[in-house]
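*Asks:* In the numbering used here, the protein residues as written are 2 to 220.
Built from N, CA and C at the ideal position, the CB exists for glycine as well.
One structure follows; several queries about it will come next.
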Amino acid sequence: MNFFNKEDVLNAFHYRASSRSYDGSKKIPADDFNYILELGRLSPSSVGSEPWQFIVLQNPELRQAIKPYCWGIPTMETSSHIVVILAKKNARYDTEFMIESMRRRQVTEEQLPAVIEKYRTFQESDSKVLESERSLFDWCSKQTYLALANMMTGAALIGVDSCPIEGFDYDKVNEILSEAGLFDPAEWGISVMCTFGYRNKEIRKKLRKSFDEVVKFVE
Numbered sequence: 002m003n004f005f006n007k008e009d010v011l012n013a014f015h016y017r018a019s020s021r022s023y024d025g026s027k028k029i030p031a032d033d034f035n036y037i038l039e040l041g042r043l044s045p046s047s048v049g050s051e052p053w054q055f056i057v058l059q060n061p062e063l064r065q066a067i068k069p070y071c072w073g074i075p076t077m078e079t080s081s082h083i084v085v086i087l088a089k090k091n092a093r094y095d096t097e098f099m100i101e102s103m104r105r106r107q108v109t110e111e112q113l114p115a116v117i118e119k120y121r122t123f124q125e126s127d128s129k130v131l132e133s134e135r136s137l138f139d140w141c142s143k144q145t146y147l148a149l150a151n152m153m154t155g156a157a158l159i160g161v162d163s164c165p166i167e168g169f170d171y172d173k174v175n176e177i178l179s180e181a182g183l184f185d186p187a188e189w190g191i192s193v194m195c196t197f198g199y200r201n202k203e204i205r206k207k208l209r210k211s212f213d214e215v216v217k218f219v220e
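Put into structure tokens, the structure is as follows:
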């Protein structure tokens, strides 16, 4: 297997910046975008749950419909691709959704009861994500951000720009897209969105904290 040179990866990280202005005439080739989506699919998640779905929102009418509820972000029109990342609702340790994730990890039927009990302890006592439906949904949403980061980083490595979007009316956008039949709101909810495309102007560099300010070694 060939690996990236560290300098090339760091250069991509330095190049990457949240793009709020795209060249609307340039589209990401299908092969390149499928590669970006594959990075999301292959991302790690807590206990291998993979509690996500990716909606590639290319429909112009739906983009316009949600735009007023996204702080009027112009990239809804000019970005090459918009990905709406859904997080699973009600992903309790004993649901069929979670049990199926165990089977994907090749847990045998004989091992299932012990693994289910282990996950019950994790969700109920260790992480306390069963305290409310919201806390359980937020746990799944955390996993989607791993996929989001991998997609954005992988995009930067091939010269594709991106911008994560949290600034939107969650209730309204969930309503619009679920009523369009894109997902069952009883089972899924929007965690975050992300635009992808090619910047049409230089992006001012962000001042970042130094290495020593954010890293602490404990020997």
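My parser needs the beta strand (DSSP E) runs of 3 or more residues fully inside the region 36 to 95; what are they?
*Replies:* Within the region 36 to 95, the complete beta strand (DSSP E) runs of at least 3 residues are 53 to 57 and 82 to 89.
*Asks:* Assuming P165 is part of the alpha helix (DSSP H), what are its boundary residues?
*Replies:* On the sequence shown, residue 165 is found 164 positions in, with the first residue counted as 1. Here P165 belongs to no alpha helix (DSSP H); instead the beta strand (DSSP E) covers D162 to I166.
*Asks:* Quick one, are the C-beta atoms of Y199 and Y16 less than 8 Å apart?
*Replies:* Residue mapping note: residue 199 aligns to position 198 of the sequence shown, counting from 1. Residue mapping note: residue 16 aligns to position 15 of the sequence shown, counting from 1. It is not a contact, given that the beta carbons lie outside the stated cut-off.
*Asks:* Under three-state DSSP, which class holds S128?
*Replies:* In the sequence shown, counting from the first residue as 1, residue 128 sits at position 127. Here S128 sits in coil by DSSP.
*Asks:* Anyone know if the C-beta pair for L87 and S192 falls short of 8 Å?
*Replies:* Position 86 of the sequence shown, counted from the start, is the residue given in the question as residue 87. Position 191 of the sequence shown, counted from the start, is the residue given in the question as residue 192. Yes, the Cβ-Cβ distance between L87 and S192 is below 8 Å.
*Asks:* Hey, how far is the Cα of L113 from the Cα of F138?
*Replies:* Here residue 113 is taken as the residue at index 112 of the sequence shown, counted from 1. Here residue 138 is taken as the residue at index 137 of the sequence shown, counted from 1. Rounded to whole angstroms, L113 to F138 spans 23 Å at the Cα level.
*Asks:* Determine, using beta carbons only, whether A156 and I37 come nearer to each other than 8 Å.
*Replies:* Here residue 156 corresponds to residue number 155 of the sequence shown, with the count starting at 1. Here residue 37 corresponds to residue number 36 of the sequence shown, with the count starting at 1. Yes, the Cβ-Cβ distance between A156 and I37 is below 8 Å.
*Asks:* What did DSSP end up calling V154 once you bin it into helix, strand or coil?
*Replies:* Here residue 154 refers to the residue found at position 153 of the sequence shown. For clarity, residue 154 is Thr in the given sequence; the question names Val instead. The answer is helix: DSSP assigns T154 an H, G or I state.
*Asks:* How is the beta strand (DSSP E) around F197 delimited, first residue to last?
*Replies:* Reading the sequence shown from its first residue, position 196 is the one you call residue 197. W189 to G198 is the extent of the beta strand (DSSP E) around F197.
*Asks:* Between R21, M2 and D185, which lies nearest to K202 when the distance is taken from Cα to Cα?
*Replies:* Indexing the sequence shown from 1 puts residue 202 at position 201. Closest by alpha carbon: R21.
*Asks:* Within a Cβ cutoff of 6 Å, which residues of the same chain sit near I83, ignoring the five residues on either side of it in sequence?
*Replies:* Residue 83 sits at position 82 when you count from the first residue of the sequence shown. L58 and T196, listed in sequence order.
*Asks:* Whole angstroms is fine: what's the gap from E227's alpha carbon to N91's?
*Replies:* For the chain, the structure presents residues 2 to 220; residue 227 sits outside this window and is missing.
*Asks:* Pull up the DSSP beta-bridge partners for Y23, would you.
*Replies:* Here the question's residue 23 lines up with position 22 in the sequence shown. DSSP, once it has assigned bridges, lists R200 as partnering Y23.
*Asks:* So Y94 and R121 are in contact, right, with Cβ under 8 Å, and what is the actual spacing, rounded?
*Replies:* Here residue 94 is taken as the residue at index 93 of the sequence shown, counted from 1. Here residue 121 is taken as the residue at index 120 of the sequence shown, counted from 1. Sure, about 5 Å apart at Cβ, within 8 Å.
*Asks:* Closest by CA to L183, which one among N60, D9 and K28?
*Replies:* The residue given as residue 183 occupies position 182 in the sequence shown. Nearest of N60, D9 and K28 to L183, Cα basis: N60.
*Asks:* DSSP on A18, reduced to helix/strand/coil?
*Replies:* Stepping through the sequence shown from its first residue, residue 18 is reached at position 17. Note: A18 maps to coil in three-state DSSP.
*Asks:* So what's I159 in DSSP terms, helix, strand or just coil?
*Replies:* Stepping through the sequence shown from its first residue, residue 159 is reached at position 158. Here I159 sits in coil by DSSP.
*Asks:* Considering only the alpha carbon of each residue, which of P186, T145 and E176 lies closest to A66?
*Replies:* What you label residue 66 is simply residue 65 of the sequence shown in a count that begins at 1. Ranking P186, T145 and E176 by Cα distance to A66 puts E176 first.
*Asks:* Do you know whose CA, among A18, I159 and E51, lies nearest L147's CA?
*Replies:* Here the question's residue 147 lines up with position 146 in the sequence shown. The candidate whose alpha carbon is nearest that of L147 is E51.
*Asks:* Do F169 and W53 come within 8 Å of each other at the CB atom, strictly closer than that value?
*Replies:* Here residue 53 refers to the residue found at position 52 of the sequence shown. Here residue 169 refers to the residue found at position 168 of the sequence shown. Cβ distance not < 8 Å, so W53 and F169 don't count as in contact.
*Asks:* If distances are taken between C-alpha atoms only, which option among V161, D127, L63 and G190 comes closest to T145?
*Replies:* Locating residue 145 in the sequence shown gives position 144, where the first residue counts as 1. Nearest option by C-alpha distance: G190.
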